[in-house]
Every structure is written in structure tokens, then in C-alpha cells.
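To start, the structure itself, in C-alpha cells.
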Amino acid sequence: MVKEFQEGLNSLSKKVVEMGHLAEEMLNNSVISLRDQNVELANGVLSKKTIIAHMDAEIEAEALRLLTLFAPMASDMRKIATILKMITYLARIGRYGKDIANITLELADQPHVKKLVSIPYMGGEVQSLIRDALKAFEEETIEPIQNFTDREKNVDELRYSIFRECLTYMMEDSKTITRCTRYIMVSRYLERCGDHAVKMAEKIYYMVTGEHIDLDPPGPDVNQTPS
Amino acid sequence: MVEIKDLHVKNVNIYYGDNHAIKDVSLDIKEKKVTAFIGPSGCGKSTLLRAFNRMNDEIVGCRTEGSIFWQNIDILDKKIDPVPLRKEIGMVFQKPNPFPKSIYDNIAYGLRIHGIRRKEELDSIVEKSLKAAALWDEVGDRLEASAMSLSGGQQQRLCIARSLAIEPKVILMDEPCSALDPIATAKIEELIRDLVKQYTVVIVTHNMQQAARVSDYTAYMYLGKMIEFGETKQIFENPREELTENYITGRFG
Amino acid sequence: MKHLRQKDKDTRNPFHVKFNLTEKTIATLLFSSASVAVVVSAAILYTLIEGSFTFFTAPEVDILQFFFGAKWVPHGQTPSFGILPLLSGTLLIAGGTILIGAPLGIGAAIFLSEFASDRLRSIIKPIIEILAGIPSIVYGFFALMFISPIFRDFFGAGYFNAVSAIIVMSVMVLPIIVSISDDSMKAVPNHYRESSLAVGATKWETAVKIVMPAASSGIIAGVLLGLARAIGETMVVTLVAGSIARFSINPLDEVMTMTSYIAKVATGDIPPGVAVSAGFAVGLLLFAITFTINFIASKVVIKIKDGTPIKRNKKTFLSKLFSTIHLSILNKGIDNFKLVIKKLFQNFSQLFSKVKKPRSFSLEARYRRGKIGRSLIGSSLIFSVLFLIVLIVSITQQGIGELSFEFITSLPSYLRPDSAGIYPAIMGSIYLMLLTILFSAPLGVGAAIYLNEFARDTSYTRFLRRIIQNLAGVPSIVFGLMGFIIFVRMSGFGPSLLSGSLTLTIMVLPIIIVSTEEALKSVPGGFREAARGVGSTPWQTVRHHVLPYAIPGVLTGIILSVSRAIGETAPILFMAAAFSKTIPTGIFDGFLALPTTIFYWTTDAKPILHDKAASAIIVLLIILLAMNFIAIIIRQRAQAKRDW
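From first to last, the protein sequence lines stand for chains P, A and L. Going by our numbering, the final residue of the first sequence carries number 353, and the count climbs one at a time with no gaps. Going by our numbering, the final residue of the second sequence carries number 398, and the count climbs one at a time with no gaps. Going by our numbering, the final residue of the third sequence carries number 2004, and the count climbs one at a time with no gaps.
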């Protein structure tokens, strides 16, 4: 019985990692497609949206099945709880990738403002957060997510700086408003993905140690920006 | 701070002849809480439970060392008479075993032994006990019927009523549901959560889910040692000891 | 298919059942052995009914007067045959026996079961077994020589009195009551005791309020069996209680019981004629009474084993009849009886509480009650042990003087009683024993093998078992009556070794069957299965794979049964001679036997013969001891060799 459960859990974990890589890839490719104005790549990302939705449902069903039949305890229970949360976050990350790809298609006909500002850089940071969270999940260690609080702050600040930068462009030249508003939305999406990665990291921390941690404590936020 | 109404087990060792069955166990049973002993067969949970009401005294060749402090008395002290102790610490056994008497007489037995003989008094305590054991509605109108005519679950509740009648402070339960079907088990578990408002309950169970559902504190025992003891939520969510984790997740053995 | 040759039959079906002459013969023989029990029962009934018929058709006898008449005067001018005085004597003595013996026995059983350590049990249980093995003639002798004088001197009783019989018989029925009650109480599951202790009861309270009521059916059965034994006892009452048929509830009086009247017929003290045939009518009534009591007791025992009211598995017409009529009445009867006792108890204690100061339930008071109770029942055990010691010591004291080599090797003498010896009696008993073994062993072992290994669960098998069970409860004097009519008279064997040994054979048959069955049952079923699995026939299985392992148990059973037979007086009272100077040389010769010689010497007027009777008892007891010893050795050696 236990063997059946363990095998089920192991294959489920592999699927989660697979889904994670898919989400990571969708996000990454969407940013690249935006940067390079690569319509084909963007379409590629869009085509993956049903796959990731499907994986979400499949993994959820399997996790619930294991929960019902095996009533897992302790570390096993924590892992399933984490998996159920992670697939939600990963699905959202994938969806943001889709949204960014859509923006690529929208802006495909015009050149970028200022080489897309720091969006590619922000994308890279967020992607590394996601990758490290997945690594922590797969290896069941907390080492890759040790400095997530700082990195997350970094991502937040990047979004803010992109926002301010876009504001200045829009004030200078009203013809950039369409593109810059889109850029602000992209930065918002990327920031959200970062948040999701951090939340995943919190759950993974619980999974490994059994303790709850808040990697994004609400602090005095001088830079309150409207979403 | 040492709460005197709690039961403080200190360095208890129990031997059956040469067999060292309980090895240096210490823990605290909190008043008006349910504490569960879990562990694989033969780990000593029942032996430890039976130390609380000195039932091990009846077994030839069984030797108990150490102390269990309760209300400033060491109940393991040889000078303490187990007979009055068992009025304060009652026990329900694994197999429902009502006496071959009527339902009424089963409960009245303990009362009559302790000197309560007047019919009115007996009637009222019998009713009270059956109500407390959630059995009154089912048998209140046929108290003279033989206890053997009840179902297994009802018999076990009758045994619980029998223990409650003499108004103990602590109730020990040795795998009370292992001979019952799931519905009867659920009724007894509900009863336990109800009883704990008034009594301290210590329950031995080999059913981990039951321990998780029913208890406030859980002790995991293995080969006579107490491996881990803590709040039930913590034991089942995030056990500290690897042995505990292995048992709970079933990777043990 | 007769036209088919054997060869053709074989080639068509290699597995068809072959006719095996040996198997069939043996199976038939075994079946016959078992069915002997039916023949025996029929013989007993025939004897009693035929004799009673002769009696009731005699002109002096009126059947109504027999059952309701109050005067028993078997001879003289106007003989009167009213059974009630004899019945009264039987009831007085049996009732008194149970009144003393039941509390003693139940108390001893409680102590043994609930309070005695294993070591104490291992000492006491053998002592109880010894008490059971002492022949009744020895008890009778002890009663007459040692108990009766006490009541004569200090209580003004007559030479013959009922109380001496009652005292001695209380100890005699003790083993029956103790062993069945002890078994019943040990069978009460331990978790009842644990539950009782867990609500704070003391050991004494647990024993009396939980264990005893739970075992009540078995205890009642034990008491009933003791009662039946007391009713059927002959030798003690004949020696000690007297021969005046009268109504009396005064135990110091002399009374006559039904059994002592029949014994008088046996010893020839009754003139021939209607008075003799009256003995058969009395025997029939006695048989009916003991049969009924044993029947009720056995049903109660089944009730304990099932734990439920008596049910029948197979619904045959007869059993349906049984179950609807008898068993429901029986069940109701038992339950009502228990309810009556309970109500009586409750009313009594309520009355008591109104009169007396209410009982304290403090811990000290409860412990005090427990201590008193324990010492009471402990003393009943001590009483039994003391009784045994006093019995052995006093008889030994009386008889040791006369015990000598000459005593054992010389002949009895009327003219010079001082030099009377028991040589013919010893030889007679030994020949009896050997002949009894010769007849009873094959019959009993065969019957047991049939029942245990061959018989299927048919109504006939169940009938057989019941017959055998009934035979075990028949009073020994009734066997004597039967033996007298069937062997001495009808078969024309006369009062010979043959008649005596055949009678004893029939008496020990049920015991040998039961003990052999036990020995067979102790052989694991796996042996039989393995043997059948390699193709052995049923008889081959038994002969090669069961019997060899059961032999020690079978031998032990035979020896113990026959040792009981040697001590029995009543069955051979009709046949053994009172006096003889010769040793029997053939099976048709007359004989003396130790127990009957003891009887005649005890009832003789000359005191020297009383002493010699004591010596003869010592010899008898030594022989019994030796036989039991051999049986134990065999059993222990078998246990040691056993490797399963």
C-alpha cells in the first residue's frame, strides 16, 4: 500500500516539475518573443495554454485521489498540500506568459521604446526565482530559496522603476502611451509571477521543514503604487 | 509548573519476569484532555495504560518501578491500595465485556459495591450514566433486558456507562473501538470528545487516524520506549523524530 | 450389472469402491461394541420392569398403596408396601448430604478457582481426586466405627442413625461438586474479573458477585449430580443408617433408604416372595429418580458450554418434540429458578437491612467481609483434608494390628475368627479384576473407537451417546439387580466369577468409553488426515496412526476404571459369597471379594472381625494406590515421550 502511494507521489512530483518547467518556458518565451517581436514564438506560447490547464486539472485530480485513498500524514501530507498549491501558482504563471505573448502580438508592428526598458532583465530575474523554487521542490531542500526575500524585493523595485520610466516616456511623447501602458502591464504581470514564485517557495519551505515562513513580510512600503 | 491534577509519569519501568516491557517512560497527561498512545503491536502501550489503574498488579510476575504522580500522590507506590484508586481511575477494555446481567445491574454493580443501595439513588445514577454514554435513548425503556442482547457498539457504550457511574476523574481506554464497526466507532469517538469536557481521557489505539481525530496529545511508543510526545497536530503534521515519521507515514516495516 | 466380469468393472472405473472384508468386519465389530450400551440399557429396564411387574401383580400389592402408602412392612402377617417411608429416608439422607456438601463443595471450589495459587491448586486437586477414589465401603466403615459413636455418646443417637451417613456422604459427594464447580468457574472468561476489578471491586466481591453467578449453571449441575450420587448411594446407608422404614426429619433417628432395602434383598435378609420382588419396584423408582436428575443436570451442562439456552442443531421430529416440550420448560425452569433465588435474596437483604444496622461499605468493612469469606471457604478445604487424614489414620490404627502376612495368606474362619484371613477375598478380587479387564477393555475401547473415529452424526449416534451418558449415572445397586437377574438367573451362570465380572464390566463400560475417547481425541487430527491422504482405510488409519499414540491414555483409563470397580460392593453384593474356604478355579466358581468381605465382617457382631475389616480396607487401599500409581507412571512416561 505504502509502495503504491510512494510511487504515485513520486510520479506526481515529476509531473509538477514538468508543469513548472512548462510554465517557466511559457513565461520566458513570452518575454523573449516580446523582446524580439517574434510572432511565431508568441503563437507558440499561446498554443501551450491548453496543455498547462490540462496539467493543472490532471495533477489536482491525482493529488486528491492520493489524499482520499491513502490519508497521508506528516511529510507526505505536506507534500501533497504543497503540490495542490503549486499547480495553482504555476497555472497562473503560465497564464501570464500567455498574456504577455498576446501583448507581443499586439505590439508586433511597431518598434520598442528604449529597447523595452528593463523588462527582459526583470523577466530573467523572475525566471530564476521560478527555476530555483522548482529546484527546491525537486530536491526537497531549502537552499535554493534562502535569499528569496531579497530577490523578491529586487523584482518589486524593478517593477517600480519600469513604471516610473514609462511614466516619463509617456509624459514626453504621447505616441508612446499605447506601448508604455502595455509595458507597465507586462511589468505588473512579471511582478505577479515573482510573487507566485515566492509563495511557492513558502509552501516548499513548509513542505521541507514543517514550519511556516513569511518570505514577503508586509513592511513600511513608502512606494505604494496603484495596481 | 507542576499541575497537580495532571498525571505525571516519571521514569516508569515495567518488567514481565525478565522481559523489560516499558523502558524508562516519562510524560505528562494533561487534565481534561485526551491523550493517545500509539505504536506498533507489542510496543507496550496497553502495559503502560494498565499501570495507571494498577491492573498490572493482577499479573503474576509483573514488576513496576518508577512513579506516577497524581494529586500529590504516587499511585505506583505499593502502599497505595489499588481498590479505591480504581474508583477514581476507570477503565474500558478492548472487547466489550458487560457482565452477564441486566443493563441496569451492570451499571448498578459498581454503585452497590461502593455502598449505594437505595433504589431511587441507583435509578437516577443509572439514567445519568446511560445518558452520558449516549445510550439512554436506545435502552432507557428496557433496563431489565440482558446486556448480552445489545449490539457490540451498544455493549461498549454500556461498559463506558458502567465506568462513568462511579464518577471517576480519569478514564482509561484500551483500544475501545477495535472490535467495533465504523459506525459504532464513530459514535464512541464522538462520545470521547464529549466526555473530555469533564474527564481526563487516556486512550490506547493502533488506529492512527483515530488518534489524529480524537486526541489532543499523542505519544508514540516503540519497543517499550516513548519515542515522541506532543500535541497531536504537531505529531501528525511535523513529527520531530524519524522513527515517529516512519511509523506515521507507514514507511515503517 | 451382474453380467459384467470383475475385470471389466475395474477397467471402466479404477476408483470404484472395492469391498474390503477386513474393513467391513472390523467396522461391524466396533459398531457392535458401541451398541452393547443399548443392549445393556434394555437389560436394565427389562430387569426392573419385569421384577416390578411381578411385584405389582401380586395379590398383596396395590399400586396406589405403593406410591402413596405410609407403611413399609415387607413381611409378617399383613405386609404393607407403601414407598413413602423409604422415600423419606432417602430424601432425609440425600437432602442432608447436599445441605452440608453443597456449601462445602462450592466454597472449596471458589477458593480453588479464585484464590488458590497454582502451587496450592496442584496440592489440593490431587487430594480431592483421592477423596473421589476411596470406595464407598471405606466411607461406610469409617462412619460406623468412628462417626456414629460420637453421635451415640454425645447426642443420644441410636446405634444406627442417619446423621453419620450424612456427614460421611457430604465428603463423598464433595469431589463431584468441587470439580464441576471449579471447572465452571475457571471457564468464566477472565475479562469479567478484570472489568469488576476495574470498577473498584475487591477480589472477594468479584468472586462472589460476578464469577459465581456467571458459573451458576455449572454449579447447579454439579450439585444436582452430587444429589443423584447421594440418592443412589448404597453401602454407607446400609452400614450406618439402619433398617427401620419410617418418616423422620430427625437425623439422629434410624431410617431406611430405598437403596438399603435393595441391599437387604441382595444379602438375603429378605425372605423370598413378594418382598423380594418389591426390591425391583423400589429399584425402578430409584432408577427413574436418578435418571431424571442426571438428565436435567446434563442439559444444564450443555447450556454452559453454549452459553445460550439449549438449542438443537438438527431439526428432526424427535428433537423438535424435545425442544418444544422439554427444553423450553427446562430453560424457563432454570431462568425462573434463578429469578426466584435472586428475588429471595433481594427480599431477604431488604428485610435484613430494616432489622439490622445498615452495612458499612467503607473499605475496611469490605475487606473484613472478604477476609471472613475467604477464611470460611478456606476452612471447608481444610475440613476435607483433615477428614481424609483422620479417615486414613483411624482406619490404619484400627487395622494395623491385624495386618500380617498370615492375614493375607490365610482363609476366613467362622470357628476361629481371630485367625481369619483374606486370601480368598484377595484372589477373588484379583480374578474379578482380570476378567473385568478382559471383557470391558475390548468392548469399551471398541465402542470408543467406533464413536470417535467411525460414527457419523446420525440420530442413532446421538442416541448412543445419550445412552452411554445415562449408564454412567445409574446407581451401582441397580447394576447389581440387573446382573443378578440376567447373569445369575437367566443365563444360568449362578453366583460366579463370570456373573460378577460381567456385571462389573457393564458398570465400568461408560467410564472406559469416555476415557478412551479422551485419549483418542488427544491425538492430533493431522495424523489422521495425513494417513487418509496417502490412501489408508479408516481402520488402517486408526490402527497405525491413532491407536499407538493413544495407547497410554487408553491404558490409564482402563486401569483407573477397573480400580474403581474393585472397590465397588453393591454390584457384586448379589453374587459374592459371604463365606468360603476355597479359591475359585474356574469362571463358574463362586468367589469372595475384598469389598464384600469387608462388608460382612463390619456387620458381624464380633469386634475382632471389625478390626480385621479395617485391615482388609488397608489392603484394598494399598492395591488401589498401586494401580493408580501405575496409571500415573504410564501417563507421565507417555507425556515425556510425546513429541507433538
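All C-beta atoms in this analysis are idealised placements derived from N, C-alpha and C, irrespective of residue type, glycine included. All of these numbers come straight from a predicted model, not from anything done at the bench.
Expected contact under 8 angstroms - CB spacing of residue i and residue j to nearest Å
i        : j        : result
L1646(L) : P1835(L) : 6 angstroms
T345(A)  : K178(A)  : 7 angstroms
R385(A)  : E373(A)  : 6 angstroms
I1537(L) : I1466(L) : 7 angstroms
T1962(L) : L1599(L) : 6 angstroms
V165(P)  : F263(P)  : Rounded, the Cβ-Cβ distance is 33 angstroms, inconsistent with contact.
R1995(L) : T1916(L) : 5 angstroms
S1544(L) : A1575(L) : 4 angstroms
G1788(L) : F1951(L) : 4 angstroms
E382(A)  : G249(P)  : The pair is not a contact, with the Cβ atoms about 37 angstroms apart (cut-off 8 angstroms).
Separation of residue j from residue i, as counted between CA atoms
i        : j        : result
S1851(L) : L1862(L) : 12 angstroms
R1849(L) : T1929(L) : 20 angstroms
I1664(L) : I1656(L) : Here I1664(L) scores only 47 on pLDDT, less than 50, and its place in the model is too uncertain to base an answer on.
M152(P)  : F289(P)  : 23 angstroms
F1375(L) : I1827(L) : 38 angstroms
L295(A)  : S1735(L) : 39 angstroms
L1491(L) : M1532(L) : 7 angstroms
A306(A)  : K140(P)  : 53 angstroms
C304(A)  : L192(P)  : 38 angstroms
G1693(L) : L1534(L) : 26 angstroms
T1796(L) : V1700(L) : 48 angstroms
L1798(L) : G1643(L) : 29 angstroms
K1384(L) : F1823(L) : 23 angstroms
I159(A)  : P245(A)  : 33 angstroms
A1949(L) : L1480(L) : The sequence given here has Asp at residue 1949(L), not Ala. D1949(L) and L1480(L): Cα-Cα distance of roughly 49 angstroms.
D282(P)  : Y315(P)  : 11 angstroms
N169(P)  : Y362(A)  : 57 angstroms
F1441(L) : P1632(L) : 15 angstroms
S1754(L) : F197(A)  : 55 angstroms
G1667(L) : G1730(L) : For G1667(L), the predicted structure reports a pLDDT of 39, less than 50, and the residue's modelled location is therefore unreliable. A value from the coordinates is still provided. Near 29 angstroms, if we compare the C-alpha coordinates of G1730(L) and G1667(L).
N1654(L) : A1588(L) : 7 angstroms
V271(A)  : D286(A)  : 12 angstroms
T1652(L) : I1977(L) : 34 angstroms
L1984(L) : L1775(L) : 31 angstroms
L288(A)  : L1748(L) : 49 angstroms
Within 7 angstroms, strictly: CB atoms of residue i and residue j
i        : j        : result
L317(A)  : M236(A)  : yes
I1873(L) : A1808(L) : yes
R277(P)  : L255(P)  : yes
G1592(L) : T1650(L) : yes
I229(P)  : R308(P)  : yes
L1771(L) : G1759(L) : no
L336(A)  : A279(A)  : yes
I167(A)  : M353(A)  : no
S1740(L) : L1464(L) : yes
H1905(L) : A1635(L) : no
A1306(L) : V1922(L) : Residue 1306(L) is absent from the structure shown; chain L starts at 1361 and stops at 2004.
CB contact below 7 angstroms: residue i versus chain C
i       : result
T330(A) : You won't find chain C in this structure, because its protein chains are P, A and L.
Closer than 6 angstroms: residue i CB and nearest the ligand ZN heavy atom
i       : result
Q272(P) : This structure does not include the ligand ZN; it has no bound ligands of any sort.
Just by C-beta distance, which residues in the stretch 191 to 209 of chain P are closer than 9 angstroms to chain A? So the list reads F196, A197, P198, M199, A200, S201, D202, M203 and R204, given in the order they occur along the chain.
Identify each residue in the stretch 188 to 202 of chain A for which the Cβ-Cβ distance to at least one residue of chain L is less than 8 angstroms, and report them in chain order. N198 and M200
At a Cβ cut of 9 angstroms, what residues of the stretch 299 to 328 of chain P count as close to chain A, listed as they run along the chain? none
Which runs of the alpha helix (DSSP H) fall wholly inside the stretch 1928 to 1964 of chain L and span at least 4 residues, in chain order? 1954 to 1962
Give, in chain order, every unbroken run of the alpha helix (DSSP H) that is at least 4 residues long and sits entirely within the stretch 1579 to 1607 of chain L. 1595 to 1600
Got a sec: which bits of the stretch 130 to 158 of chain P sit with their beta carbon under 7 angstroms from any beta carbon on chain A, in order along the chain? Listed by position along the chain: nothing, the set is empty.
Suppose only complete runs of 4+ residues qualify. What are the alpha helix (DSSP H) ranges in the stretch 1724 to 1777 of chain L, listed by chain order? 1765 to 1769
Taking beta-carbon pairs under 7 angstroms, can you tell me which members of the stretch 227 to 243 of chain A lie near chain L? V228, P229, R231, K232, G235, M236, F238, K240 and N242
Residues of the stretch 1559 to 1574 of chain L in Cβ contact with chain A at a cutoff of 8 angstroms, in chain order, please. Going along the stretch 1559 to 1574 of chain L in chain order, one finds V1559, G1560, A1561, T1562, E1565, K1569, I1570, P1573 and A1574 with a Cβ nearer than 8 angstroms to chain A.
Give, in chain order, every unbroken run of the alpha helix (DSSP H) that is at least 4 residues long and sits entirely within the stretch 1849 to 1934 of chain L. 1857 to 1881, 1885 to 1893 and 1907 to 1927
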